[in-house]
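S.K.: Questions regarding the structure given below will be posed in turn.
There are 2 protein chains.
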Amino acid sequence: MKKLKRSARLVEMTQYLLSRPHTLISLTAFADRYQSAKSSISEDLAIIKEVFEGEGIGELHTLAGAAGGVRFIPMCRKDQALDRIGGICRQLEQPDRLLAGGYLYMTDLLGQPALLQEVGLMFATAFAGRDIDAIMTVETKGIPLAHATSLYLNVPVVIVRRDHKVTEGSVVSINYVSGSNKRIQTMSLARRALREQSRVLIIDDFMKAGGTIQGMVDLLHEFRAVVAGVGVFVESGEVDNEERLLHDYISLARLTEVDLKSRHITVQPGNFFKEERT
Amino acid sequence: MKKLKRSARLVEMTQYLLSRPHTLISLTAFADRYQSAKSSISEDLAIIKEVFEGEGIGELHTLAGAAGGVRFIPMCRKDQALDRIGGICRQLEQPDRLLAGGYLYMTDLLGQPALLQEVGLMFATAFAGRDIDAIMTVETKGIPLAHATSLYLNVPVVIVRRDHKVTEGSVVSINYVSGSNKRIQTMSLARRALREQSRVLIIDDFMKAGGTIQGMVDLLHEFRAVVAGVGVFVESGEVDNEERLLHDYISLARLTEVDLKSRHITVQPGNFFKEERT
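This is how it looks when you write it as structure tokens:
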């Protein structure tokens, strides 16, 4: 790269850091890349840090010393996130989203890139401190959420299939009972999709009793992998605590009331926004 | 937003533009946001433009006049893209990717956020000049590619299902013949997923004869929607031109040779990299 003026270097460094979250970049690498003194690079990083932290883009963690460097951790600000989840809850409450069986139509929302980026950043913020090797989800609607989160955590996504496809090679399958309709179903994952001992974050779009997520937890055991966290976009509040198979999870929104007759839906911010978590 | 110094403003403007591709932002909006004169904003944009265009991040299109503003169009540089697709082709050529039936295992690659961003940017570059309202793909492996592209084109993704799920509401289903195994299959899309007259970019992971993509084209006709383009990650070169159902598409890689006995695979850059397209 040709030598840049400070103003151009700030632009380049900003995009360079934004596209490499959770990655340690040494001051030496930056100094070489921009043919600049480490002291100048450090000054640039201080400016970027102040903007990123002030505007709710993320944190810049700097490591001092010979092996020193900088790591960009995408983090939203809770007040901004709460404001945005409020808007999402209002969208989820639209009466025409009610489908047969008390399900909510939300496929349209899960197709919008701006919303997915916001939600992905909320999950990445919730799990920023965990040690995570991969994100797991089950097809189909969890996939966009898992990938949106993976962009900010910079780890790969593995997708559990509801049937066994020929293009996956040898697979591990398990049966699970979906909590909402009590039917036995099958899910499978390619043997080579996950290394043993991986620390895995489970992401899904909707959770009632948690049967599907419990299935993924069981599948992880088959791979000798570890659950590093569970994040759901919308949880149903219509489940008793006894019925719930899973208690340690983060939800971004909570469906608290569905009245099929009046088509009235109430959606509130999830446990991510509870006081004790801030 | 509090008033920032020029250096901090450049950092903030860079991230602001990067997160809003294909969106017209007026100079007035920037001037208000940063409490700065339009002349200063214009100088900042000139610096950002030079870095973005020099480094292969994208183009900044400026519109002059009272309604003037700026639009960030993510675009990769062809030489950088060719270099990266070369690396991806080498990964696809690994002998242990060969599966029964001459299929290639590539689910692992389609889970890597950095690779998906590169490939998404290539598709966004290929189709930057088209007028696109939505991106369509069919579950499951096309989904990450469609979403990666949608981030750069800033349009929603609609996902065609291979079966009819209860949570989608009323759906339109069609039968199609998969070119590779000649079986009749069904695909469906929720009635409310796509507006009539939408201009739709179709994205998929793999194309042999093109039966699946032709199915999506037929489905679009049912919605009175228009095909704005077709992009495939890997096309099979083992198909005669007569056999191919589809001729107007962009491929990023081309599987030119599969020798099941010696397990030798050859993958080359796709038609996106052909001279006449540059």
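Those protein sequences? They're chains A and B, same order as listed. The first sequence maps to residues 1 to 278 in UniProt numbering. The second sequence maps to residues 1 to 278 in UniProt numbering. Just so it is clear, CB atoms sit at the ideal spot from N, CA and C, and this is done for glycine as well.
#1: Does the beta-carbon distance from residue 245 (chain B) to residue 211 (chain B) come in below 8 Å?
#2: Taking a Cβ distance cut-off of 8 Å, strictly less, list which residues of the segment 98-132 of chain B are near chain A, in chain order.
#3: Are the CB atoms of residue 136 (chain B) and residue 187 (chain B) nearer to each other than 8 Å?
#4: So, under 8 Å CB-CB, residue 18 (chain A) and residue 18 (chain B) are touching, yes? Tell me the CB distance rounded to an integer number of Å.
#5: Grab me the residues of residue 84 (chain B)'s own chain with a C-beta within less than 6 Å of its C-beta, minus the 5 sequence neighbours each way, in chain order.
#6: Among the residues of its own chain, which have a CB less than 8 Å from the CB of residue 269 (chain A), if the five just before and after it don't count?
#7: My output table needs one value for residue 44 (chain B): the three-state DSSP class, helix, strand or coil.
#8: Within 10 angstroms of the Cβ of residue 278 (chain A), are there 16 or more other Cβ atoms? Answer buried if so, exposed if not.
#9: Checking the sheet assignment: what are the DSSP bridge partners for residue 186 (chain B)?
#10: For residue 219 (chain A) versus residue 171 (chain A), is the C-beta distance shorter than 8 Å?
#11: Between residue 50 (chain A) and chain B, is any beta-carbon pair separated by less than 8 Å?
#12: Between residue 169 (chain A) and chain B, is there a C-beta pair that is closer than 8 Å?
#13: With a threshold of 7 Å on Cβ separation, who are the neighbours of residue 76 (chain A) within its own chain once the five nearest residues in sequence on each side are excluded?
#14: Checking contacts by CB at 8 Å: is residue 213 (chain A) closer than that to chain B?
#15: So is residue 243 (chain B) buried or exposed if we call it buried at 16+ other beta carbons inside 10 Å?
#16: State the DSSP-derived secondary structure class of residue 272 (chain A), mapped to helix, strand or coil.
#17: Quick one: give me the first and last residue of the beta strand (DSSP E) that residue 144 (chain B) is part of.
#18: Since residue 7 (chain A) is in the alpha helix (DSSP H), which residue starts that stretch and which ends it?
#19: Nearest CA to the CA of residue 223 (chain A): which residue from A:134, A:34, A:66, A:108?
#20: Chain A partners of residue 150 (chain B), CB-CB under 7 Å?
#21: Along the alpha helix (DSSP H) that carries residue 247 (chain B), what are the first and last residues, could you check?
#22: I want to verify the contact list: residues of chain A whose CB lies under 7 Å from the CB of residue 10 (chain B), in sequence order.
#23: Alpha carbons only, please: which of A:22, A:4, A:62 is nearest the one belonging to residue 37 (chain A)?
#24: Thinking C-alpha only, which one of A:62, A:199, A:146 is nearest residue 47 (chain A)?
#25: Less than 8 Å separating the beta-carbons of residue 225 (chain B) and residue 194 (chain B)?
#26: Please decide whether residue 161 (chain A) counts as near chain B, where near means a Cβ-Cβ distance under 8 Å.
#27: Going by C-alpha to C-alpha distance, which of B:78, B:11, B:68 sits closest to residue 280 (chain B)?
#28: Since residue 232 (chain B) meets chain A, which of its residues come closer than 8 Å, beta carbon to beta carbon?
#29: Enumerate in chain order the residues of its own chain whose CB-to-CB distance from residue 60 (chain B) is below 7 Å, with the five nearest sequence positions on each side excluded.
#30: Would you mind giving the Cβ-Cβ distance between residue 231 (chain B) and residue 265 (chain B), rounded to the nearest angstrom? I have them listed as a contact below 8 Å.
#31: If you scan the segment 52-93 of chain B from start to end, which runs of the beta strand (DSSP E) of 3 or more residues do you find wholly inside it?
#32: Any Cβ of chain D within less than 8 Å of the Cβ of residue 55 (chain A)?
#33: Helix, strand or coil, according to DSSP, for residue 129 (chain A) in the structure here?
#34: Can you list, in chain order, the residues of the segment 184-201 of chain A whose Cβ is nearer than 8 Å to any Cβ on chain B?
#35: Let me know if residue 214 (chain A) comes out buried or exposed under the rule of 16 or more other beta-carbons within 10 Å of its beta-carbon.
M.R.: Straight from the coordinates:
#1: yes
#2: 99, 100, 101, 103, 104, 105, 107, 108, 111, 112, 113, 114, 116, 117
#3: no
#4: 6 Å
#5: 118
#6: 82, 85, 86, 89, 252, 253, 254
#7: helix
#8: Note that residue 278 (chain A) scores 44 on pLDDT, short of 50, meaning its location in the model is unreliable and no value can be drawn from it.
#9: B:175
#10: no
#11: yes
#12: yes
#13: 56, 121, 122, 125
#14: no
#15: exposed
#16: helix
#17: It is not in any beta strand (DSSP E) - residue 144 (chain B) instead sits in the alpha helix (DSSP H) that spans 142-153.
#18: 6-18
#19: A:134
#20: 113
#21: Taken as a continuous stretch (DSSP letters only), residue 247 (chain B) belongs to no alpha helix (DSSP H), as it is neither H nor E.
#22: 7, 10, 11
#23: A:4
#24: A:62
#25: yes
#26: yes
#27: Residue 280 (chain B) lies beyond the stretch modelled for chain B, which goes from 1 to 278, so this question has no answer here.
#28: Residues of chain A passing the Cβ test: none, with the nearest at roughly 15 Å.
#29: 45, 48, 49, 52, 70, 72
#30: At roughly 22 Å, the Cβ-Cβ gap does not stay under 8 Å, so residue 231 (chain B) and residue 265 (chain B) are not in contact.
#31: 58-63, 69-74
#32: Going by chain labels, chain D is absent from the structure shown, which instead holds the protein chains A and B.
#33: coil
#34: 190, 192, 193
#35: buried
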